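Going by our numbering, the first residue of the sequence shown is number 354, and it counts up by one from there. Every residue, glycine too, gets a C-beta built ideally from N, C-alpha and C. Quick caveat, the model's predicted, so the values are computed rather than measured. As structure tokens, the structure follows; a few thoughts come after it.
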Amino acid sequence: MITRKHHIAALAGVALLLTGAGAVWHVASAPAKAQAAAALPEVELVTVGERPVAEQRSFSGRIAAISQVDIRPLVSGTITGVHFKDGDLVRKGAPLFTIDPRPFQAALDRAAGDLKAAEAAVAFARIDFERAQRLIGNSVISQREYDKRQQDIRDGDARVAVAQAVVDAARLDVEHATISAPIDGRISRAEITLGNIVTAGAAAPALTRIVSVSPVYVEFDADEQSYLAFVSRAHGNSGFLVDLALAGEREFTRSGRITSVDNRLDTASGTIRVRALFDNPEGRLVPGLYARIRVSGSEVKPALLVDARAVNVDQDKKFTFVVGADGRVAYRELRLGDDRDGRRLVLSGLKAGEKVVVAGAQSVKPGDQVKVISSEAAVK
354 MITRKHHIAA LAGVALLLTG AGAVWHVASA PAKAQAAAAL PEVELVTVGE RPVAEQRSFS
414 GRIAAISQVD IRPLVSGTIT GVHFKDGDLV RKGAPLFTID PRPFQAALDR AAGDLKAAEA
474 AVAFARIDFE RAQRLIGNSV ISQREYDKRQ QDIRDGDARV AVAQAVVDAA RLDVEHATIS
534 APIDGRISRA EITLGNIVTA GAAAPALTRI VSVSPVYVEF DADEQSYLAF VSRAHGNSGF
594 LVDLALAGER EFTRSGRITS VDNRLDTASG TIRVRALFDN PEGRLVPGLY ARIRVSGSEV
654 KPALLVDARA VNVDQDKKFT FVVGADGRVA YRELRLGDDR DGRRLVLSGL KAGEKVVVAG
714 AQSVKPGDQV KVISSEAAVK
């Protein structure tokens, strides 16, 4: 009897102990849950939207000057003047270099003297011939003498023409001693400086180079499908517009027009060369720079667009994180199209209405539970 009472008392003690331990665990676990919830990574979301967009293609190209001139001397001599600073914008006709003009001026003066002597000689020959005309009628001179005096006039006229040509050539040499800009544009540096002797001719080293500034060409290669879908409409259409962005620029802020399309497709590369013209009033489109060209089609279709901030890059892959209704993160690999005003065209990987992470992606991984601190609707 006593043993049974002791047994019951022991069981009651164990039950009381378990009840107390459960209460302690419940009280202790509540702050732990709150702390775990507070430790969830915080993210900002944007909804993937759908809207009608015109089909577009982008191409890589290079900026090229419309005009480019290597400046070489047309006469030989010593450089006595350099009349520009490196990188100056120069106008057509502006003096660039001076070659010592004194030898050419002396040659011109000598040629001018020879011309005057030739003119005086032919003037005397004319007077002599007029005298011969009077004498031949009285048979004072022979026919041979008469013909000779007439020939003297012809010879004199020829010598005057030769002397005039020498004067003209000497005058050109004097003019060429001052080297002037043949076009408007930006000049490079002076490769040969004061005191150096230069030689004339196409094989001579260039003294400097000038490239035109505005407008400029942008040349790019279009693949066969893009040519047929877009560029072929530019044939005979001088107003066919295209847009341009420089390297590092997201927006296509400059508009130009296609001016020419090559007359054949390169079968080796499967592309055709296209040239567009862009105004360049600020001079930022420097020849040789890389540029992206965007060509728009006329057909409008519904398309998915995702905020560019949601796009992450892993080597050659592009991906984003999608947050589902359960608050968990999922990985999605993306295939993207062109940039449209800060959003990327989605070709595959997402659906309209899905929510993607645009801030906080660096602190999450697939399967994580996240805390959403803001969620933007899709931009129409």
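Remark: C-beta atoms of LEU597 and SER608 approach each other more closely than 9 Å. In this structure, the beta-carbon distance from GLY402 to ALA683 does not fall below 9 Å. Around the CB of LYS704, fewer than 16 other CB atoms lie within 10 Å, so the residue is classed as exposed. Here DSSP, grouped into helix, strand and coil, assigns GLU635 to coil. Within a 10 Å sphere around the beta-carbon of LEU547 sit fewer than 16 other beta-carbons, which makes this residue exposed. Scanning its chain for C-beta atoms nearer than 6 Å, with the 5 sequence neighbours on each side dropped, one finds around LEU427 the residues HIS529 and ALA553, in chain order. Residue pairing by DSSP places PHE674 opposite TYR684 in a beta bridge. Note on geometry: alpha-carbon atoms of LEU687 and ARG647 lie some 21 Å from one another. The Cβ neighbour count for GLY440, taken over all protein chains shown within 10 Å, is under 16; the residue is labelled exposed.
Contact between SER533 and GLY446 holds, since their C-beta atoms are separated by about 5 Å, short of 8 Å.
If you check the CB distance, ASN633 and PRO568 come in under 9 Å. Of the residues assessed, ALA575 falls on the buried side of the cut-off, its CB having 16 or more other CB atoms within 10 angstroms.
The residue among ARG444, ILE506, TYR499 and GLY490 with its C-alpha nearest the C-alpha of ALA473 is ILE506.
Listed in chain order, the non-local C-beta contacts of LYS469 below 6 Å within the same chain number zero, local neighbours out to five positions each way being set aside. In this structure VAL653 is not in contact with ILE563, their Cβ atoms being roughly 45 Å apart against a cut-off of 8 Å. Beta-bridge annotation (DSSP): ILE625 is paired with ALA575.
Contact annotation: the region 654-663 touches the region 692-709, with at least three C-beta pairs closer than 8 Å. The straight-line gap separating the alpha-carbon atoms of SER579 and LEU630 is approximately 19 Å. In this structure VAL513 is in contact with VAL475, their Cβ atoms being roughly 6 Å apart against a cut-off of 8 Å. In the DSSP assignment, PHE450 falls within the beta strand (DSSP E) that extends over 448-452. In the same chain as LYS671, and ignoring 5 residues on each side of it, the C-beta atoms closer than 8 Å to its own belong to VAL664, ASN665, GLU686, LEU687, ARG688 and LEU689, in chain order.
The region 515-562 is shown to contain whole beta strand (DSSP E) runs of 3 or more residues at 531-533 and 538-540, in chain order.
Here the alpha carbons of ALA559 and ASP526 stand approximately 19 Å from one another. Under the DSSP assignment, ALA418 falls in the beta strand (DSSP E) whose first and last residues are 402-418. With 16 or more other Cβ atoms inside 10 Å of its own Cβ, ARG645 counts as buried. In this structure, the alpha-carbon of SER716 lies about 7 Å from that of PRO394.
Under the three-state reduction of DSSP output, GLN503 falls in the helix class. As the crow flies, the alpha-carbon of ARG497 is around 27 Å from that of VAL515. For ASP679, no beta strand (DSSP E) segment is defined, and its DSSP state is neither H nor E. Residue nearest to GLY414 within the set THR433, ARG617 and VAL639 is VAL639 (criterion: CA-CA distance).
In this structure, VAL406 keeps its C-beta atom at 9 Å or more from the C-beta atom of VAL676.
Around the beta carbon of PHE477, a 10 Å sphere encloses fewer than 16 other beta carbons of the protein chains shown; the residue is thus reported as exposed. The C-beta of LYS708 has 16 or more other C-beta atoms within 10 Å across all chains shown, which makes the residue buried.
Between ILE424 and THR531, the gap from beta carbon to beta carbon reaches 9 Å or more.
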